[in-house]
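**Q** Dropping a structure here in structure tokens format, bear with me for questions.
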Amino acid sequence: MKLENKKVVVTGSEGFIGSHLVEALIVQGAEVTALVQYNSFNSWGWIDSLEPTVKNSIRVVSGDIREYDNIKKIIKGNDVVFHLAALIAIPYSYQSPMSYIRTNVEGTANVLEASRELNVEKVIHTSTSETYGSALYVPIDEKHPLQGQSPYSASKIGADMLAQSYHLSYELPVATLRPFNTYGPRQSSRAVIPTIISQISSGKKIIDLGDVTPTRDFSYVKDTVNAFLKVAESDLSIGKIMNAGSGKEISIGQLFYTICKLMGANVELNIEQQRIRPANSEVNRLLADNRYLKEVTGWESRYSLEDGLIETIRWIDKNINHYKPNIYNV
Numbered sequence: 001m002k003l004e005n006k007k008v009v010v011t012g013s014e015g016f017i018g019s020h021l022v023e024a025l026i027v028q029g030a031e032v033t034a035l036v037q038y039n040s041f042n043s044w045g046w047i048d049s050l051e052p053t054v055k056n057s058i059r060v061v062s063g064d065i066r067e068y069d070n071i072k073k074i075i076k077g078n079d080v081v082f083h084l085a086a087l088i089a090i091p092y093s094y095q096s097p098m099s100y101i102r103t104n105v106e107g108t109a110n111v112l113e114a115s116r117e118l119n120v121e122k123v124i125h126t127s128t129s130e131t132y133g134s135a136l137y138v139p140i141d142e143k144h145p146l147q148g149q150s151p152y153s154a155s156k157i158g159a160d161m162l163a164q165s166y167h168l169s170y171e172l173p174v175a176t177l178r179p180f181n182t183y184g185p186r187q188s189s190r191a192v193i194p195t196i197i198s199q200i201s202s203g204k205k206i207i208d209l210g211d212v213t214p215t216r217d218f219s220y221v222k223d224t225v226n227a228f229l230k231v232a233e234s235d236l237s238i239g240k241i242m243n244a245g246s247g248k249e250i251s252i253g254q255l256f257y258t259i260c261k262l263m264g265a266n267v268e269l270n271i272e273q274q275r276i277r278p279a280n281s282e283v284n285r286l287l288a289d290n291r292y293l294k295e296v297t298g299w300e301s302r303y304s305l306e307d308g309l310i311e312t313i314r315w316i317d318k319n320i321n322h323y324k325p326n327i328y329n330v
């Protein structure tokens with residue numbers, strides 16, 4: 001499938017990855033409808049920050065994926081749906097698990113059902129490496145057992161199973177992309193990389209983090225967005241679940257010292273108890289086996305961790321006003 005001239009809906013378009021995906025789709029020549037969560041401030045999230053030539057090319061609509069009738073109206077007349085809308089903050093899922101079920105599970109069901117009724121050409125559903133839980137073996141391939149170690153991961157497992165069920169039961173053309181840890185410009189400080197960079201950039205000398213022993217597989221946002229595009233374009237991806245990751249892992253402690261070196265920062269690390277997950281809920285190791293995504297779509301990672309970190313540091317330095325480094329962002 002070529003995305004040029006396709007009518008495309010992006011849910012979660014105002015978010016970190018969604019806004020980058022919208023930009024890329026415009027470059028591809030798609031006609032983009034960007035669904036942003038309704039709010040009384042008429043804020044379009046990161047879409048408000050896009051270049052005027054890009055923003056003026058987008059049809060922005062407000063809504064809520066938990067509300068079926070409006071979702072069906074938004075999807076009607078479109079060819080492709082990129083479903084990224086979700087609650088994603090793991091710590092907050094401990095405080096409000098039902099909100100994750102309503103948004104991530106019921107919201108996904110609404111998108112799938114509307115897409116089925118309207119006969120869309122393709123749905124690209126967004127999963128997460130958190131569905132694997134702590135690695136039972138590495139690298140983690142798509143056959144690895146799913147483990148709901150947090151309310152967030154459990155809700156995403158439910159959403160993934162719904163997506164598969166709609167393909168198997170109704171032949172809905174669904175493809176599921178399972179990104180590992182994406183980072184880059186516009187990411188909130190609920191994630192570890194902007195947490196470290198924003199604290200250093202703001203002048204703090206003691207940097208607060210949680211457990212620094214877990215390892216993660218980090219992908220720069222442009223690589224993740226390219227994976228979304230490749231999955232959409234590939235006819236072979238229908239019915240498939242595919243990992244998007246760099247295939248390299250680094251501990252949070254090593255990541256901290258790498259960022260310090262790149263920023264020339266002489267700072268101390270403080271392990272803050274409130275940032276540590278419950279022991280049985282922590283995911284200790286994530287490392288992607290990305291061979292299946294490459295086989296199905298031809299995707300390749302283009303950014304090294306260091307190159308992506310340098311771009312992210314530059315962006316956060318220029319946009320430090322978007323962050324509140326002295327407040328723990330749940």
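Numbering (UniProt numbering), first residue to last: 1 to 330.
We put the beta carbon where it would ideally sit given N, CA and C, even for glycine.
Of all the options I71, N280, W44 and T53, which has the alpha carbon lying nearest to the alpha carbon of S19?
**A** The shortest Cα separation from S19 among I71, N280, W44 and T53 belongs to W44.
**Q** Quick one: residues in its chain with C-beta nearer than 6 Å to the C-beta of residue 334, no 5 flanking neighbours on either side, listed in chain order?
**A** What is shown of the chain runs 1 to 330, which leaves residue 334 out entirely.
**Q** Using only CA atoms, which one of L50, N70, Q37 and D317 lies nearest to P194?
**A** For the residues L50, N70, Q37 and D317, the minimum Cα distance to P194 belongs to D317.
**Q** In whole angstroms, give me the CA-to-CA distance for I206 and P325.
**A** Rounded to whole angstroms, I206 to P325 spans 11 Å at the Cα level.
**Q** Taking W315 as the reference, which of Q187, S13 and L25 has the closest Cα?
**A** Checked all of Q187, S13 and L25; the closest Cα to W315 is Q187.
**Q** Helix or strand or just coil, what does DSSP make of T195?
**A** DSSP places T195 in helix when its eight states are reduced to three.
**Q** Within the same chain, show all residues whose beta-carbon is closer than 8 Å to that of T215, passing over the 5 residues directly before and after it, in chain order.
**A** Once the five neighbours on either side are set aside, the close Cβ partners of T215 are E249, I250, S251, I252, N284, R285, L286 and L287.
**Q** Is L3 near E300, with beta carbons less than 8 Å apart?
**A** Cβ distance not < 8 Å, so L3 and E300 don't count as in contact.
**Q** Within a Cβ cutoff of 6 Å, which residues of the same chain sit near S246, ignoring the five residues on either side of it in sequence?
**A** Here the set comprises D217, S219 and S301.
**Q** Can you list, in chain order, the residues of its chain with a C-beta nearer than 6 Å to that of S93? Leave out the 5 residues immediately preceding and following it.
**A** Hits under 6 Å: Y100, S150, P151 and Y152.
**Q** Cα separation between G133 and L146?
**A** Roughly 7 Å between the two C-alpha positions.
**Q** For residue 339, report the span of its beta strand (DSSP E) as first-last.
**A** Here the chain covers residues 1 to 330 and nothing more, so residue 339 does not appear.
**Q** Could you have a look at Q149 and say whether DSSP puts it in helix, strand or coil?
**A** Three-state DSSP puts Q149 in coil, outside helix and strand.
**Q** According to DSSP, is S43 helix, strand or coil?
**A** The answer is coil: DSSP assigns S43 none of H, G, I, E or B.
**Q** May I ask which residues mark the beginning and end of the alpha helix (DSSP H) holding E117?
**A** Segment G107 to E117, the alpha helix (DSSP H) holding E117.
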